[in-house]
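Chemist:
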Amino acid sequence: MTSRLEIRVRWVLLVVVGVANIIGSLVVLLFATFVVPDPPLDDRDYVHLVNAVAFFSYPVVAAPAALLSGLWLWRPVVTFVRDGGEPDRRQRRAVLLGPLRLTLLVGALWGVGALGWAALDMMLFTGRLAVKTGLTCLLGAGTTCTIVYLLSERLLRPAAALVLGAERPKRLRLPGVTTRVMLAWALGTAIPVFGLICVAIAALASPDINVTQLAITILGLGGAALLAGVCVIYMATRAIADPIKAVRSGMAQVERGDLGAEVDVYDASEVGQLQAGFNHMVAGLREIEWLRDLFGRHVGEEVADLALERGVVTLGGETREVAVLFVDLTGSTRLADTRSPDEVVGLLNRFFGVVVSAVAKHGGWINKFEGDAALAIFGAPTQVEDSAGGALGAARELAVRLRAEVPMLDAGIGVSAGPVVAGYIGAEERFEYTVIGDPVNEAARLSDLAKDEEGRVLASATVLELAHLAESDEWDLGRSVMLRGRSRPTRLGTPRRPARPVIPAPRAEPGTGRARFPRPLRRSRRLLFGALVLAKAAKSAKAAGQGSPEEPGGHSGGPAVSDSS
């Protein structure tokens, strides 16, 4: 790429400048010979001969001077594109100021030529002829300078993109949109119209100018205005429209969720500021998305969305009806003693991966990982229609998947439900979103007790009552036990048959590489099957020889992780 860019840069100096000067010279020659009328002269042929010699002799002197000066100005640019690497201050300024410096160099040489030509005619002939040659030469100078600037700026865009990609200059002002439009207006409108004004003044001052010559002059200047105006306006608008199109294309990518969109910055004016501003905006969006993703992985997507939605986080909470699932490994002490730390971490990650997947599939989220245990919440902070059914379904599926996918580990799973306080707990400097209440303690105690059960899953009667009939029918009520730390007995529920171990296929979240598991919608059947639920609960209670299941108490406290091994 660098070699191609080096050839492109050399073309700016050799081809563009050469072609632009040839076009400017042809404009001067045509206008001086055929378009602008001559003032009264004693020997017209002699005057034309002297001016032709002067016209063709000046490039012989000016071309080597332009070439040497251009090579000196262009040396840092060629060095940078040939060697690559980080540009220094001199190379950066040479690239960004290259079109302007080249234009000023060409304009200076044309200005010297115009003054010299006008002075020659002033000394040898008449002042009116000097005015004609001087103005005609300035017309060619304007044409040449405009073409040189617009084309060199376009050809230098790849080099400017490399420079601006490394570091954006802070104290460098270049011709921007206004300057480019004014250059186009000057060449396409102002210079030809000024020529027409000069011809009109000459016609008024010299009545001997015939109508045919005047018409030819007007047609020539008018045609030049139309042709030059179209070409120059096109180049000027392309210099502005191209970066805008690039930004629009990048915005379309962002709208499609592609935050990797980026445009090349090849202009140090306000056009380049637009390009750089877009890149900075997309970089900010990427950072925000990364932080949101990271925040969601740490505290859960539901909590992250809640915090971003509210904006201001205050300590405290609100009473919510939730379901709680607690899963705790068995024999974690022996596991740490018999395996290396890397193996233990690998097994725990596989274990928690299954837990997160199953919980997310049923509408819950992991509130916290506690060493070898995990606490899952259903119904806070996001309301879930059947939080109890979701927790029960997740527990059944989790028991099957853990045996199938992590057979070397064993775990107890407890499920409970009831009122809790859900909110931000801690201090202003450090806090977390969690739930506090009796269902959390009950689920932790049930997970400890479930380690001795065949299915490794236990649920309280309360959560079975709250679940929809489609899920509660998958469970049987059994004996009542007094759990450690509780004042009321808890009636135990066990699954009739294990859930089918279906692993959901994750779908990529737009704009990130993070996978999110779909949450199936659950249709409410409470009103339709309410009577059947009550009848079933009463029948089960009567069969067990006890009253209706105990309601959970209001005792609050965090989950106690079992230390069994």
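Numbering (the numbering used here), first residue to last: 171 to 735. Each residue gets a CB set at the ideal place from its N, CA and C atoms; glycine is no exception. Since the model is a prediction, treat every value here as computed from it, not as a measurement.
1) What first and last residue would you give for the beta strand (DSSP E) that runs through A493?
2) When DSSP labels each residue in this structure, what does P246 get in the three-state scheme?
3) Rounding to the nearest angstrom, what Cα-Cα distance links R174 and L444 in this structure?
4) Which two residues bound the contiguous beta strand (DSSP E) that contains V617?
5) Look at D498 and G560 and say whether their C-beta atoms are less than 7 angstroms apart.
6) Does D556 come out as helix, strand or coil in the three-state DSSP assignment?
7) Below 8 angstroms, can you find three or more Cβ-Cβ pairs linking the segment 181-197 to the segment 347-359?
8) Give me the Cα-Cα distance between G660 and F496, rounded to the nearest whole angstrom.
9) Classify D291 as buried or exposed, calling it buried when 16 or more other Cβ atoms lie within 10 Å of its own Cβ.
10) Just list the residues that DSSP pairs P589 with in beta bridges.
11) With a threshold of 8 angstroms, are at least 3 pairs of Cβ atoms found where one atom belongs to the segment 295-302 and the other to the segment 200-210?
12) What is the residue span of the beta strand (DSSP E) that G254 lies within?
13) If we count the other Cβ atoms within 10 Å of its Cβ and call it buried at 16 or more, is H638 buried or exposed?
14) L237 to V187, Cα distance in whole Å?
15) Quick one, are the C-beta atoms of G365 and L384 less than 7 angstroms apart?
16) If you draw a straight line from the alpha carbon of M652 to that of R658, how long is it in whole angstroms?
17) To the nearest angstrom, how far is it from the Cα of N380 to the Cα of V223?
18) Any contact of the segment 559-574 with the segment 594-610, i.e. 3+ C-beta pairs under 8 angstroms?
19) Would DSSP call D646 helix, strand or coil?
20) Does the contact criterion of 3 or more C-beta pairs under 8 angstroms hold for the segment 445-460 versus the segment 413-424?
21) Report the option in F548, A330, S642, L326 whose CA atom is closest to the CA atom of P589.
22) Is the shortest distance between the beta-carbon of H218 and the beta-carbons of chain B less than 7 angstroms?
23) For the alpha helix (DSSP H) that F539 lies in, which residues bound it at each end?
24) Kindly provide the ranges of any alpha helix (DSSP H) runs that are 4 or more residues long and lie completely inside the segment 430-461, ordered along the chain.
25) Given a threshold of 16 other Cβ atoms within 10 Å of its Cβ, counted over all protein chains shown, does D258 qualify as buried or as exposed?
26) Might you give, ordered along the chain, the residues of its own chain that have their beta carbon closer than 6 angstroms to the beta carbon of G268, omitting 5 neighbours on each side?
27) Where does I317 land, buried or exposed, given buried means 16+ other C-beta within 10 angstroms?
28) Counting only the same chain and skipping the five closest in sequence on each side, list residues whose C-beta sits under 6 angstroms from that of A546.
29) Among E457, A409, A613, R490, which one has its Cα closest to the Cα of S322?
30) Rounding to the nearest angstrom, what Cα-Cα distance links I177 and R520 in this structure?
31) How long is the line joining the alpha carbons of V301 and A288, rounded to whole angstroms?
32) So, is M405 buried or exposed, given that buried needs 16 or more other C-beta atoms within 10 angstroms?
33) Would you mind stating whether L334 and V435 have Cβ atoms separated by less than 7 angstroms?
34) Alpha carbon to alpha carbon, how far is R262 from G596? Give it in angstroms, no decimals.
35) Alpha carbon to alpha carbon, how far is T604 from E488? Give it in angstroms, no decimals.
36) Rounded to whole angstroms, what's the CA-CA distance from V485 to V591? Just pull it up for me.
Modeler: Reading from the atomic positions:
1) 486-500
2) helix
3) 27 angstroms
4) Checking the displayed sequence, the identity of residue 617 turns out to be Ser instead of Val. Premise fails: S617 lies in the alpha helix (DSSP H), 608-620, not in any beta strand (DSSP E).
5) no
6) coil
7) no
8) Checking the sequence shown, residue 660 turns out to be Thr, not Gly. Between T660 and F496, the C-alpha separation is close to 16 angstroms.
9) buried
10) E491
11) yes
12) Looking at the DSSP string, G254 is not in any beta strand (DSSP E), and its letter there is neither H nor E.
13) buried
14) 10 angstroms
15) no
16) 6 angstroms
17) 28 angstroms
18) no
19) strand
20) yes
21) F548
22) Given the protein chain composition of this structure (a single chain), no chain B is represented.
23) Looking at the DSSP string, F539 is not in any alpha helix (DSSP H); the run it does join, the beta strand (DSSP E), is 535-540.
24) none
25) exposed
26) V247, L326
27) buried
28) L495, V529, G534, I536
29) A409
30) 56 angstroms
31) 7 angstroms
32) buried
33) yes
34) 53 angstroms
35) 11 angstroms
36) Val is not the amino acid found at residue 485; the sequence shown has Leu there. Looking at the two C-alpha atoms, the distance is approximately 12 angstroms.
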